[in-house]
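Asker:
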Amino acid sequence: MALEIFLLNNKKKIHFVHYDAGPGGMEVLMPVIIKNLPGYDFSAYLLRSEKPGVNVYHGLNIPVQYGDDHNRKAYIKAFKYGRKYRNEIFHVYNIGPVFLLLFQLAGVKNIIYSIHGTVYWKSPLKKYLFKTIWKLVLNKRIVFIANSEHSRQEFYTKISNRYSMRVLYNPFDENRFKGNDTVKMNNEINIVYTGRLANGKNLYKWIDIALKVHQQFPAIVFNIYGEGVLKNDLAGYINKHNADNFIHLRGFRKDVEEIYREADLLMFLSEYESFGNVVVESILSSTPVIASPIPAMKEIFRDYPQFLLGDEIIKWDIEVNEKIAHLETLKALAVKASKNFADKFGIKQHMNALTEIYENAN
Numbered sequence: 089m090a091l092e093i094f095l096l097n098n099k100k101k102i103h104f105v106h107y108d109a110g111p112g113g114m115e116v117l118m119p120v121i122i123k124n125l126p127g128y129d130f131s132a133y134l135l136r137s138e139k140p141g142v143n144v145y146h147g148l149n150i151p152v153q154y155g156d157d158h159n160r161k162a163y164i165k166a167f168k169y170g171r172k173y174r175n176e177i178f179h180v181y182n183i184g185p186v187f188l189l190l191f192q193l194a195g196v197k198n199i200i201y202s203i204h205g206t207v208y209w210k211s212p213l214k215k216y217l218f219k220t221i222w223k224l225v226l227n228k229r230i231v232f233i234a235n236s237e238h239s240r241q242e243f244y245t246k247i248s249n250r251y252s253m254r255v256l257y258n259p260f261d262e263n264r265f266k267g268n269d270t271v272k273m274n275n276e277i278n279i280v281y282t283g284r285l286a287n288g289k290n291l292y293k294w295i296d297i298a299l300k301v302h303q304q305f306p307a308i309v310f311n312i313y314g315e316g317v318l319k320n321d322l323a324g325y326i327n328k329h330n331a332d333n334f335i336h337l338r339g340f341r342k343d344v345e346e347i348y349r350e351a352d353l354l355m356f357l358s359e360y361e362s363f364g365n366v367v368v369e370s371i372l373s374s375t376p377v378i379a380s381p382i383p384a385m386k387e388i389f390r391d392y393p394q395f396l397l398g399d400e401i402i403k404w405d406i407e408v409n410e411k412i413a414h415l416e417t418l419k420a421l422a423v424k425a426s427k428n429f430a431d432k433f434g435i436k437q438h439m440n441a442l443t444e445i446y447e448n449a450n
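Residue numbers (our numbering): 89 to 450.
(1) Thinking C-beta only, is residue 309 closer than 9 Å to residue 335?
(2) Given a cut-off of 9 Å on the beta-carbon distance, is the pair residue 361 and residue 331 in contact?
(3) What's the C-alpha gap between residue 201 and residue 235?
(4) Closest by CA to residue 198, which one among 221, 184, 170?
(5) Evaluate the contact criterion for the stretch 416-436 versus the stretch 249-263: three or more CB pairs, one atom per stretch, below 8 Å.
(6) Flag this pair as yes or no: are the beta carbons of residue 280 and residue 354 separated by less than 9 Å?
(7) Pick out the complete beta strand (DSSP E) segments inside the stretch 154-199, 3 residues or longer, and give them in chain order.
(8) Roughly how many whole angstroms lie between the Cα atoms of residue 215 and residue 157?
(9) Within a Cβ cutoff of 6 Å, which residues of the same chain sit near residue 252, ignoring the five residues on either side of it in sequence?
(10) Please report the residue range of the alpha helix (DSSP H) in which residue 463 lies.
(11) Evaluate contact between the stretch 335-352 and the stretch 228-246, counting only Cβ atoms and requiring at least three cross-stretch pairs below 8 Å.
(12) Taking residue 314 as the reference, give the member of 282, 350, 324, 302 with the closest Cα.
(13) Count the other CB atoms within 10 Å of the CB of residue 352; is the residue buried (16 or more) or exposed (fewer)?
(14) If you count every other CB in all the chains shown that lies within 10 Å of the CB of residue 90, and 16 or more means buried, which is it?
(15) Could you tell me the alpha carbon to alpha carbon distance between residue 92 and residue 118, rounded to whole angstroms?
(16) Which residue comes first and which comes last in the beta strand (DSSP E) that contains residue 102?
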């Protein structure tokens with residue numbers, strides 16, 4: 089027991105800091121890192137209050153603390169937390185310049201800032217304010233990581249290109265997400281969406297295209313997996329078009345790998361993404377994808393443009409129908425791409441790079 093306590097106390101302490109613990113594309117990475125890097129002592133600090141529902145830290149034996157939904161209280165709590173643990177490593181995710189400044193003022197010496205987004209402000213006033221604060225907080229001691237070339241370029245363009253930034257793709261468990269050899273017992277084609285039901289995911293367009301596809305392929309069923317603020321509105325939209333018998337809202341499923349194995353196709357039409365976890369997960373599962381041609385998708389499918397739609401949104405329904413008509417070709421391509429994706433986006437590469445970063449933190 090004494091040896092175990094000694095070893096635990098001598099582990100480097102890493103504090104994950106982000107806004108909340110809902111299962112978004114960024115948040116689901118935290119348990120993966122914690123489980124694959126047992127040589128570190130992890131804690132988590134969520135900048136906002138604890139929320140009901142799915143929490144990515146449930147079941148993990150690490151300390152988790154929460155901030156507040158009111159900014160003033162959130163700032164005070166974050167400053168106190170930073171002051172208490174100022175000599176340890178803070179790995180922060182998309183916390184923005186205000187909280188970053190507070191941690192610096194609190195004396196936190198080792199900050200690793202992971203960028204998992206491309207939206208930095210939503211009004212001219214916030215643009216002026218946040219850019220000013222970013223100028224105050226940027227320095228060479230902060231280690232910046234971007235989850236894609238697109239995220240890095242957006243930061244360089246909107247904030248600053250003064251400091252170098254490493255691209256570290258999100259890690260995926262190729263043993264969890266793998267092809268399914270089970271032969272389907274029916275001829276029903278299952279097209280799915282997985283992710284948050286939120287603005288920016290283009291879900292009304294997704295449903296519109298599903299309606300058009302159904303006209304040409306009436307045997308296809310569409311299943312939407314996830315939770316979010318648009319759930320009730322989407323249910324009403326589906327009902328308004330009398331599509332309840334072939335477009336289904338299935339809610340959140342923890343075993344997302346089974347969703348891909350049960351699916352024939354993932355349709356992902358997001359308006360913007362810093363990366364796009366679900367399309368990688370789908371390809372690793374040998375399930376083909378039809379994706380919007382946003383920069384992040386173009387980066388992911390650089391070697392496999394067949395999975396992308398064209399730039400003219402007005403033609404998407406026609407293109408989707410054409411791709412579905414050649415679904416077997418897309419399925420064969422997904423099997424081929426899965427091998428490449430396992431090498432490029434596997435857990436080992438991410439963990440090796442993250443270990444190097446943590447070890448170099450003083």
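Heads up, the beta-carbon is just placed ideally off N, CA and C, and yes, glycines get one too. Nothing here was measured: the structure is a model prediction, and the numbers come from that model.
Answerer: According to the structure data:
(1) yes
(2) no
(3) 11 Å
(4) Nearest C-alpha to residue 198 among 221, 184, 170: 170.
(5) Judged by Cβ distances under 8 Å, the stretch 416-436 makes contact with the stretch 249-263, as three or more pairs qualify.
(6) yes
(7) 177-181
(8) So the alpha carbons of these two residues sit roughly 22 Å apart.
(9) none
(10) Because residue 463 is not part of the residues shown, which for the chain are 89 to 450, the question remains open.
(11) no
(12) Residue 282 is the option with its Cα nearest to residue 314.
(13) buried
(14) Low per-residue confidence applies at residue 90: pLDDT is 42, beneath 50, and the placement is therefore not dependable, though the value from the model is reported in the following sentence. Exposed.
(15) No answer about residue 92 holds up, because its pLDDT of 48 lies below 50 and its placement is not dependable.
(16) Going by DSSP, residue 102 is part of the beta strand (DSSP E) stretching over 100-106.
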